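These notes are about the structure you will find just below.
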Amino acid sequence: MHCPFCRNPDSRVIDSRTSDDGLSIRRRRQCPQCGGRFSTIETASLNVIKRSGVIEPFSREKVMSGVRKACQGRPVTESDLAVLAQTVEEAIRQTGSSQIDTNEIGLAILRPLRDLDEVAFLRFASVYQAFDSLEDFEAAIDQLRLDHPDRHSRPGEDESAEG
Ligand SMILES: [Zn+2]
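The numbering used here applies: residue 5 is where the sequence shown begins, and numbers increase by one.
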C-alpha cells in the first residue's frame, strides 16, 4: 500500500503482531523512501447482510447490545457479554464465509447464550424465533431439560436460598 506521507507505492514490514484474540494482525511498516512509519491492521473481512439488504461490517458491539436486552436483571456481566460476542464471531469466522445474514448471527448467539444464562436464552429465543404460544416456550424448556438433566433434575434445590 501507499506510504501515507509521501505516497511511495512500497513499504517494508518492520514488526508484526497478532491480536490477543487471534483475529487480526497488526503490522508496523516503514517507507523505504521517506522513512515514515505507520501501522496496518489485517483481518479477514466479515460482512453482515441485514434484513433491509444493507451490508455492514460485523460488529461485536451489536451482538452485545442485542443480547444485553435479553439479559436485563440476570446475573450476566459486561465481560460475559464480551466473551459471548467473541465466541459468536469465532464460530462465524470458522464457517469460512465472508458474508452472513442476521439470521445466522442469531443462530450463532443461541448456543453460547444458552450456556451462559437459560432465562436470557429463552427471552432471546422467544423474540428471535418468534415464539407465539406457551407451547413454544414449553418445547424450548423441555429441550433445555433434555440437554442439561443435571441442572434440572432436582427442582427447588438450586437458588432456593435466594431472598
Ligand atoms: Zn514515504
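Cβ coordinates follow ideal geometry from the N, Cα and C atoms, glycine included. Predicted, not measured: the structure shown is a model, and the values here were computed from it.
- Query: Should Q133 be counted as a contact of ligand 2 given a C-beta to heavy atom distance under 7 angstroms?
  - Reply: Of the ligands this structure carries, namely ligand 1, none is ligand 2.
Q.
Let me check one thing: in DSSP terms, what residues is F42 bridge-paired to?
A. Position 38 of the sequence shown, counted from the start, is the residue given in the question as residue 42. Looking at the DSSP assignment, F42 forms a beta bridge with R33.
* To do: Have a look at A124 and R155 and give me their C-alpha separation to the nearest angstrom.
  => Residue 124 sits at position 120 when you count from the first residue of the sequence shown. Residue 155 sits at position 151 when you count from the first residue of the sequence shown. If I take the Cα positions, the gap works out to 16 angstroms.
ask   = Under the criterion of a Cβ to heavy atom distance below 7 angstroms, does N107 qualify as lining ligand 1?
value = In the sequence shown, the residue the question calls residue 107 occupies position 103. Checking every heavy atom of ligand 1 against the Cβ of N107, none is found closer than 7 angstroms.
Backbone secondary structure at V17 - three-state DSSP:
Translated into the one-based positions of the sequence shown, residue 17 becomes position 13. Correct three-state label for V17: strand.
For Q37, the nearest candidate out of S137, D136, R16 and T81 (CA to CA): Here residue 37 corresponds to residue number 33 of the sequence shown, with the count starting at 1. The shortest C-alpha separation from Q37 is found at R16.
Please report the residue range of the alpha helix (DSSP H) in which V71 lies. Here residue 71 refers to the residue found at position 67 of the sequence shown. R64 to A74 is the extent of the alpha helix (DSSP H) around V71.
Which stretch, first to last residue, makes up the alpha helix (DSSP H) that contains D105? In the sequence shown, the residue the question calls residue 105 occupies position 101. Per DSSP, D105 belongs to no alpha helix (DSSP H); it is in the beta strand (DSSP E), Q103 to D105.
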